[in-house]
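>
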Amino acid sequence: MSAAVMTESVPLLTVEDLVLDFRTRSGMVHVLDGISLTLDRGEILGIVGESGSGKSVLAYAMMGLLDPAAQIPRGGIRFAGRDMLTESERSLAETRGREIAMIFQSPRTALNPIRRVGAQVQDVLLRHANVSKKEARKRAIAALARVRIPDPERRFDAYPFELSGGLCQRVMIAMAMACNPYLLIADEPTTGLDVTTQAVVMDLIREQVRSSNASVVLITHDLALAGEYCDRIAVMHAGHIVEIGGTEAMLSAPKHPYTARLIGATPGGHESIRDLASIPGSLPDLRRDLPPCRFIDRCERRLDCCATDALPSVNLGADHIVRCWNPL
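Per UniProt numbering, residue 1 is the first one in the sequence shown, and the count goes up by one each step.
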């Protein structure tokens, strides 16, 4: 265990100037460009943006689960003081599940369909908790009970297809939190769930991490969800973090035009559906050489320098940062 994990003043996770490309038959795809963020102990950070903005790729990079076609020409990811980009695969395998865990986007596909759900929770404990099979079963049942799965001893022997989508996601939470990790990455954990079940799942995630002082990176396209559960929000567009800051400040006074557009397109505080505004255009082709501002073709506030000059990082105070030449 790294001493940095136990030091409250040191960020648990630091991503610094991360650049990530994918090598494909049609050329290099520039997926992440200059990503920088920190995550403190006990904090919930939301990463928000449209589909294709690079949110999930960033999450997989944090986990060390990148495709062999991925290339990282610049930047770093440090977790608990360790450089995740230079760690051996064996070391990463030990870290995943024990110190960092992930809730995947689609629980029915993430769970093994031909194994009982309790055994899948038990496997995590057998690998990382150094306990007997009997003790692992006992702890697995307790983990299922903590996420309020009814009759956990009976459900231990259920197969994924015998459970609803909401219960499958609770199993995923139980698996992720079984070894009390320091960091939980939740990648679109409410996808495909009805609104009521979404709230139950998110309440469970918050409850589980608060009880263990763990940190969370919540990947979502749902700005309202992030606003309800996150301490800070980072807004991503086409591989850039365009704005990051405290949730209240971000939602009440957004400074990047894209953030403001996202808020305007989010149902919630509007008098009628007619008040909702769409975001014009679409994400740029990441195979092309792009201008410094990747939002330029969709932005009504663009300046000539947006096409030629590297984006500034404007610190507005209280760790509220916007990357824009002409912020709101």
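Glycine residues also receive a C-beta, built at the ideal position from the N, C-alpha and C atoms.
All values derive from a computational prediction rather than experimental measurement.
Do V171 and V121 have their beta-carbon atoms positioned less than 8 Å apart in this structure?
Taking the sequence shown and counting its residues from 1, the one referred to as residue 121 is at position 121. Taking the sequence shown and counting its residues from 1, the one referred to as residue 171 is at position 171. Yes, the Cβ-Cβ distance between V121 and V171 is below 8 Å.
> Specify the secondary structure class of F295 as computed by DSSP and reduced to three states.
Position 295 of the sequence shown holds residue 295. It is coil, neither helix nor strand.
> What does DSSP give as the partner residue(s) for H30 in the beta ladder?
Mapped onto the sequence shown, residue 30 falls at position 30. Its beta-bridge partners are D21.
> So, using beta-carbon positions, are S51 and G192 closer together than 8 Å?
Working through the sequence shown from its first residue, we reach residue 51 at position 51. Working through the sequence shown from its first residue, we reach residue 192 at position 192. The answer is no: Cβ separation not under 8 Å.
> Please confirm whether L218 and A186 have their CB atoms less than 8 Å apart.
Indexing the sequence shown from 1 puts residue 218 at position 218. Indexing the sequence shown from 1 puts residue 186 at position 186. Yes, the pair counts as a contact, with Cβ atoms nearer than the cut-off.
> Select from E300, S53, C324 the residue whose C-alpha is nearest the C-alpha of V314.
Taking the first residue of the sequence shown as 1, we reach residue 314 at position 314. If we check each option's Cα against that of V314, C324 comes out closest.
> Could you tell me how far apart the beta carbons of V31 and V57 are, in whole angstroms, since I believe they sit closer than 8 Å?
Along the sequence shown, read from residue 1 onward, the residue named residue 31 stands at position 31. Along the sequence shown, read from residue 1 onward, the residue named residue 57 stands at position 57. Between V57 and V31 the Cβ distance is about 5 Å, and since that is below 8 Å, they are a contact.
> With H, G and I counted as helix, E and B as strand and the rest as coil, what does DSSP make of P327?
In the sequence shown, the residue the question calls residue 327 occupies position 327. It is coil, neither helix nor strand.
> In whole angstroms, give me the CA-to-CA distance for N112 and P160.
Taking the sequence shown and counting its residues from 1, one reaches residue 112 at position 112. Taking the sequence shown and counting its residues from 1, one reaches residue 160 at position 160. Approximately 8 Å between the Cα atoms of the pair.
> Candidates L13, T24, L262, G54: which alpha carbon is nearest D33's?
Locating residue 33 in the sequence shown gives position 33, where the first residue counts as 1. Taking only the C-alpha atoms, the option nearest D33 is G54.
> When you compare the CB of S282 with every CB in chain C, is at least one pair closer than 8 Å?
Absent from the structure: chain C. Only one protein chain is present.
> In the structure shown, what three-state DSSP assignment does G49 receive?
As a first step, residue 49 must be located in the sequence shown, where it is residue number 49. Here G49 sits in coil by DSSP.
> Pull up the distance between the alpha-carbon of H270 and that of L276, whole angstroms please.
For the purposes of this step, residue 270 is identified with residue 270 of the sequence shown, where counting begins at 1. For the purposes of this step, residue 276 is identified with residue 276 of the sequence shown, where counting begins at 1. Any reading at H270 is ruled out, since the residue's pLDDT is 46, under 50, leaving its predicted position unreliable.
> Per the contact definition of three or more C-beta pairs closer than 8 Å, is the segment 67-87 in contact with the segment 9-18?
yes
> With the cut-off set at 8 Å, would you say A129 and A136 are in Cβ contact?
Locating residue 129 in the sequence shown gives position 129, counting from the first residue. Locating residue 136 in the sequence shown gives position 136, counting from the first residue. The answer is yes: Cβ separation under 8 Å.
> Quick one: is T86 buried, meaning 16 or more other Cβ sit within 10 Å of its Cβ, or exposed?
Against the sequence shown, residue 86 aligns to sequence position 86. Classification of T86: exposed, given that the 10 Å Cβ count is below 16.
> Taking just the CA atoms, how far does L66 sit from A93?
Within the sequence shown, numbered from 1, the residue matching residue 93 stands at position 93. Within the sequence shown, numbered from 1, the residue matching residue 66 stands at position 66. Between A93 and L66, the C-alpha separation is close to 13 Å.
> Report buried or exposed for R210, applying the criterion of at least 16 other Cβ atoms within 10 angstroms of its Cβ.
As a first step, residue 210 is located in the sequence shown; it is residue number 210 there, counting from the start. Exposed, by the Cβ-count rule.
> Taking the C-alpha atoms as reference points, what is the distance between T190 and Q208?
By one-based count along the sequence shown, residue 190 stands at place 190. By one-based count along the sequence shown, residue 208 stands at place 208. T190 and Q208 have their alpha carbons spaced roughly 16 Å apart.
> With DSSP run on the structure shown, which of helix, strand or coil describes V131?
One-based indexing of the sequence shown puts residue 131 at position 131. Three-state DSSP puts V131 in coil, outside helix and strand.
> Counting only runs that start and end within the segment 75-102, where is the alpha helix (DSSP H) found for 4 or more residues in a row?
Listed in chain order, the alpha helix (DSSP H) elements of length 4 or more contained wholly in the segment 75-102 are 89-95.
> With DSSP as the reference, label V200 as helix, strand or coil.
The residue you call residue 200 lines up with position 200 of the sequence shown. Here V200 sits in helix by DSSP.
> Starting from the C-beta of S272, find all residues in its chain whose C-beta is less than 7 Å away, skip the five residues before and the five after it, and write them out in chain order.
Locating residue 272 in the sequence shown gives position 272, counting from the first residue. A caution first: S272 carries a pLDDT of 49, below 50, which makes its placement in the model too unreliable to give a value.
> Can you check whether the CB of P327 is closer than 8 Å to the CB of A310?
The residue given as residue 310 occupies position 310 in the sequence shown. The residue given as residue 327 occupies position 327 in the sequence shown. Not in contact: A310 and P327 (Cβ atoms no closer than 8 Å).
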